[in-house]
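Q: In terms of this note's numbering, the sequence shown has 103 at position 107, counting the first letter as 1, and numbering is strictly consecutive.
Backbone N, C-alpha and C define an ideal beta-carbon position, used for all residues, glycine too.
Since the structure is predicted, the reported quantities are computational estimates derived from the model, not experimental observations.
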Amino acid sequence: MRKSLLLLPFVILFTSCETQTPTETNTERFYKAPWNVELNRSHGAVGQLGAANEDHNGTLTIEKHGSATFDVTLLSDHMYQWWGYSWTTDEFYMNWAPCLEWYINEAEDSMYLNYDHQDYDPNSGNSFYWNYDLILTR
């Protein structure tokens, strides 16, 4: 009987804790309309592949289901990428990896993304990363 009385406060403590439903950030702000994009991408020299530093302008359409499509044909297969957002960590993801840096300015309806995107040079067989800097505005 004494053991059960000693355990009673712990039982009450654990059963009285209410689980809260997580506050979900409104991700519609990311995909509600296409973004105007100022894009810089760069990489260092890789094998026989020289360093590159490119600037592009266009639009980026982010879809609710996770696709992200640039209208910049010079990006080749990089026109099609993937995005995601984690409510629990407040991290923005591009191509299944957390962005190196990101922020959103809701008052000005703008966003900044900095991330690496893996690529492959078929001539040398080397894998390398492009670093992407995006300034997104509406």
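Looking at chain D, is there any beta carbon in it that lies within less than 9 Å of the beta carbon of D86?
A: As a matter of chain content, chain D is missing from the structure shown, which is built from one protein chain.
Q: Report the residue ranges of all alpha helix (DSSP H) runs contained in full by the stretch 37 to 73; include only those spanning at least 4 residues, in chain order.
A: Fully enclosed alpha helix (DSSP H) runs of 4 or longer: not present.
Q: Just to confirm, are D112 and L132 a CB contact at a threshold of 9 Å?
A: Start at 1 with the first residue of the sequence shown, and residue 112 comes out as number 116. Start at 1 with the first residue of the sequence shown, and residue 132 comes out as number 136. No, these two residues do not count as a Cβ contact at 9 Å.
Q: Can you list, in chain order, the residues of its chain whose CB lies under 8 Å from that of N104, leaving out five sequence neighbours each side?
A: Residue 104 sits at position 108 when you count from the first residue of the sequence shown. This sequence places Glu at residue 104; Asn is not what is there. Around E104: T133.
Q: Run through the DSSP bridge pairs and tell me what E34 is partnered with.
A: In the sequence shown, residue 34 corresponds to position 38, counting from 1. DSSP, once it has assigned bridges, lists N53, I131 as partnering E34.
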